[in-house]
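Peer 1:
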Amino acid sequence: MRIYYAFSMKEEIKKLYEDHPLNLYLILRNLYFMREADQEYAVYLYKQMINKLNKSKIDRDLFIQYHNTYTYSKNGEKHIINNLYKDEVSVLTVKNSYLLITTNQNNTSFFQILDQYASDFFICDFSNMDYFWLSSLKMLATSNAV
């Protein structure tokens, strides 16, 4: 089971770390595992790096666009893809400053959906120490298709 955090990075952060994603991952990982005593500093730094998401707009847009799709369902604030053909079960939860994606696949269908919203998403799986720019995943998929 993979747990991905998708962060919409501010433009200046993307420019600074686009070619050095490991450094950005390490900063976010340190914020993720920061001690409770340092939380005030962590929140301040986090707000300097991350774009706040329009939770209700993303929630509504996802539902409107995919509610007639056979593989999509919504339960409360959770968007669910249950694709029997790809053996995929993925759940996306929209938070105020990140998207939480739980999936049984390395490459969930939600990545293609998120690419429609912005190309500045930085994806982290802190448990598996995995990270990438959503735009670089799109480039890999395009180059593999050729």
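First residue of the sequence shown: 21, per my numbering; consecutive thereafter.
Yeah, the Cβ is synthetic: ideal placement off N, Cα and C, and Gly gets one too.
Using a threshold of 7 Å, state whether the C-beta atoms of Tyr37 and Leu44 are closer than that.
Peer 2: In contact: Tyr37 and Leu44 (Cβ atoms closer than 7 Å).
Peer 1: Report yes or no: do three or more beta-carbon pairs, one from the region 67-78 and one from the region 100-119, lie closer than 8 Å?
Peer 2: yes
Peer 1: With distances taken between CB atoms, is the gap from Ile100 to Ala26 smaller than 7 Å?
Peer 2: no
Peer 1: Taking 7 Å as the threshold (C-beta atoms), are Glu108 and Gln125 in contact?
Peer 2: yes
Peer 1: Quick one: residues in its chain with C-beta nearer than 7 Å to the C-beta of Asp79, no 5 flanking neighbours on either side, listed in chain order?
Peer 2: Excluding positions up to five away in sequence, the list reads Glu97, Val114.
Peer 1: On the criterion of 16 or more Cβ atoms from any shown chain inside 10 Å, does Tyr24 qualify as buried, or is it exposed?
Peer 2: Per the 10 Å Cβ criterion, buried.
Peer 1: My guess is that Lys34 and Asp140 are in contact by the Cβ rule of under 8 Å, so how many angstroms apart are they, rounded?
Peer 2: 5 Å
Peer 1: Given that a residue counts as buried once 16 or more other Cβ atoms are within 10 Å of its Cβ, and exposed if not, what is Ser147?
Peer 2: exposed
Peer 1: In chain order, what are the residue ranges of uninterrupted alpha helix (DSSP H) at least 4 long that sit wholly in the region 123-157?
Peer 2: Entirely contained in the region 123-157, the alpha helix (DSSP H) runs reaching 4 residues are, in chain order, 129-134.
Peer 1: Between Leu51 and Tyr66, what straight-line distance do the alpha-carbon atoms span, to the nearest angstrom?
Peer 2: 8 Å
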